[in-house]
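Before any comments, here is the structure.
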Amino acid sequence: APPSQSKWSKRHLSWRIRTFPKESHLLGRDTVRALMYYALKVWSDIAPLDFHEVAGNQADIQIDFTKADHNDGYPFDGPGGTVAHAFYPGDRLTAGDSHFDDDEAWTFRSPDAHGMDLFAVAVHEFGHAIGLAHTSAVESIMRPYYQGPVGDPLKYHLPYEDKVRVWQLYGVRDSVSHTAQPNTSRGTDPPVLLDLPENRSAVLPERDAPNRCTTHFDAVAQIRGEAFFFKGKYFWRLTREKQLVSLRPVPIHRFWRGLPTFLDSVDAVYERPGDHRIVFFKGLKYWVFKDNNVEEGYPRPISDFGLPTDGVDAAFVWPHNDKTYFFKDGRYWRYDDYVHRMDLGYPKDSTLWKGVPPQLDDAMRWSDGASYFFKGAEYWRVAGSGMEVEDGYPRPIGKDWLVCADMLSDSPAPETNGTETHPRGRHRASHAGSNYEVCSCTS
Amino acid sequence: APSLTDEQLDTGVDWLSKFGYLPPPDPVTGQLQTKEALTKAIKAMQKFGGLEETGVLDEETLGLMKTPRCSLPDLSESESPLTRRRR
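Protein sequence lines, in the order shown, are assigned to chains A and B. Numbering-wise (the working numbering), the first sequence opens with residue 1 and increments by one. Numbering-wise (the working numbering), the second sequence opens with residue 1001 and increments by one.
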């Protein structure tokens, strides 16, 4: 029965579709995933909740398409009748789980008479999964009866009645006006094609996507042995072999789940030694990620590190001593991530790193044992435990890391002294006269 | 309702129990629902569904009971008409 009030104590909730509809000819798996994604987004758009899809059995919201008695006390009854249910938040393993009757003819963009609109039902069930009970209010998605399709998932807005109820549970999401008038345009527009979140190959780069060959990067980090170059709302990824995974940048929020959607850039990123959490800095706040999901309780102020109150330019772990170095303007700090304490005697003047410019964009360690410092379109290399930039630097970032053609640089080629400084992608000469080479990737 | 069949009545009682308007029958004692409780439950269901509160299982009410819906109950135990009566 609906509890008097139940809600999640955490705000970042994972979800996963454990079983898909058997009659996949009606709705493909990608479409089902997209519809679930958008049905959850309806709620996270207005309340301070974040949903991220995960693999494995640990998801908070497990979604199943099942039929008849499936051992949860709510047996389905074939076509019609009861069509779905979800479990309220709580401590039980089933909390948040959402079940859809696989005997229904689940549809999307079909007239009411031809089946059960999956998006409409999913929005209703996820309302239960975050703590809302049924209501008799006419203008509510939480009425218990199926009321037909609700229109385009990309344009759907919750009725005001439901917004108020979810705000009572979780508060109002930043940037949402709780005084806005009830939306009356729901359902008037014809559905449009979905921009499937998982179909990356079908998603064209946004107009504001930066050019990796000319841009200056906000942050660079080695994460799980791979290199990540961040710019604005996007990032590029290089394998351990220094091969660019894709020429196209990936939106940060598509991969790093839990950062605020309004965050338009990051200042610095590093992988924490010891527990291998990944730390993102922006302004005076930082977020800690376990893999690509943000941890509970973030953001937190960077004063946790004992850092100054004006942010950081760069953060990296020096392979020589496993300490974390933070740079800001002309100073740097040394932090011990194992004891969670700033080392005494810092900050120091960053000129101690001979040849490294002030006001860095970011820095990172690399698998060759060297440290790399990035600023503008160039980077500097410091080998081993030294604190001095090697000869031959700076060099162009685009050419050496991001598979760009010769740039406006007359720097000599770096020496190949056993450490790799060239991208190892197999290049063919560009025949198109474009500003990048064609790279054949094997992974 | 004069034209109500036993089957319709059973269906209605099952439905009302399933969605929180009537307490489920006691499987040990086989206790039956009282007419008064049934009328109150039907009225509560009609009110929740936006129908006129007649307390009678008429066609419109039975039609609403056949409408596809979510499996979860509409009323919690504390909200059910019978619980309120006991209290």
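For every residue, glycine included, the Cβ atom is placed at its ideal position computed from N, Cα and C.
- Residues of the segment 1055 to 1073 of chain B with a C-beta atom less than 8 Å from some C-beta of chain A are L1064, K1066, T1067, P1068, R1069, C1070, S1071, L1072 and P1073, listed in chain order.
- For A:K282, the secondary structure class from DSSP, reduced to helix, strand or coil, is strand.
- Only exposed fits A:Q58, as fewer than 16 other CB atoms lie within 10 angstroms of its CB.
- Taking the Cβ atoms as the reference, A:R16 lies roughly 7 Å from A:A55, within the contact range of under 8 Å.
- Across the set A:D264, A:Y234 and A:L263, the C-alpha of A:Y234 shows the shortest separation from the C-alpha of A:I252.
- Contact of A:Y74 with chain B by beta-carbon distance below 9 Å involves S1071 and L1072.
- Interface criterion not met: the Cβ of A:H253 is under 7 Å from no Cβ in chain B.
- In this model, A:L360 and A:S367 are separated by some 21 Å (Cα to Cα).
- Beta-carbon to beta-carbon, B:R1069 and A:T82 are separated by about 6 Å, close enough to satisfy the 8 Å threshold.
- At the C-beta level, A:P89 and A:G127 stay beyond 7 Å of one another.
- Listed along the chain, the chain A residues whose CB falls inside 9 Å of the CB of B:K1047 are S136.
- When DSSP states are grouped into helix, strand and coil, A:D101 belongs to the strand group.
- Using a Cβ distance threshold of 7 Å, A:Y270 and A:V317 count as a contacting pair.
- The C-alpha of A:D91 lies about 15 Å from the C-alpha of A:S14.
- A distance below 7 Å separates the beta carbons of A:V123 and A:V42.
- Taking CB atoms only, A:T261 has no neighbour in chain B less than 7 Å away.
- Each residue's CA atom was taken as its position, placing A:V279 and A:M142 some 39 Å apart.
- For A:V150, no CB of chain B lies under 7 Å from its own CB, so it is not counted at the interface with that chain.
- Residues of chain B with a Cβ closer than 9 Å to the Cβ of A:G96 do not exist, since the nearest Cβ in that chain sits about 13 Å away.
- A:M342 has its alpha-carbon roughly 56 Å from the corresponding atom of A:D102.
- One finds S136 and V138 in chain A with Cβ atoms closer than 8 Å to the Cβ of B:G1050, taken in chain order.
- The Cβ neighbour count for A:L49, taken over all protein chains shown within 10 Å, is at least 16; the residue is labelled buried.
- Within the segment 80 to 104 of chain A, the residues whose Cβ lies closer than 7 Å to some Cβ of chain B are G80, G81, T82, V83, A84 and H85, listed in chain order.
- Contact annotation: in the segment 56 to 74 of chain A, residues whose CB is within less than 8 Å of a CB in chain B are Y74.
- In terms of beta-carbon proximity, A:P21 stays away from the interface with chain B, with every pair separated by 7 Å or more.
- Shown here, A:K41 sits in a helix according to DSSP, grouped into three states.
- At a cut-off of 7 Å between beta-carbon atoms, A:P144 makes contact with chain B.
- Excluding residues up to 5 positions away in sequence, R365 and G369 lie with their Cβ nearer than 7 Å to the Cβ of A:P319 in the same chain.
- A residue is called buried once 16 or more other Cβ atoms fall within 10 Å of its Cβ, and A:L238 is buried on that count.
- For A:N292, same chain residues with a beta-carbon under 7 Å away, outside a window of 5 residues either side, are F255, W256 and R257 in chain order.
- Annotation for A:E388: W353, K354, G355 and V382 place their beta carbon closer than 8 Å to its own, counting only its chain and skipping 5 residues before and after.
- For A:T66, the secondary structure class from DSSP, reduced to helix, strand or coil, is strand.
- With at least 16 other beta carbons inside 10 angstroms of its own, B:K1043 counts as buried.
- In the DSSP assignment, A:K231 is bridged to A:Y234.
- For the pair A:L244 and A:V403, the CB atoms are nearer than the 7 Å cut-off.
- Interface annotation for the segment 116 to 129 of chain A against chain B: M116, V121, H124, E125 and H128, criterion Cβ-Cβ distance under 9 Å.
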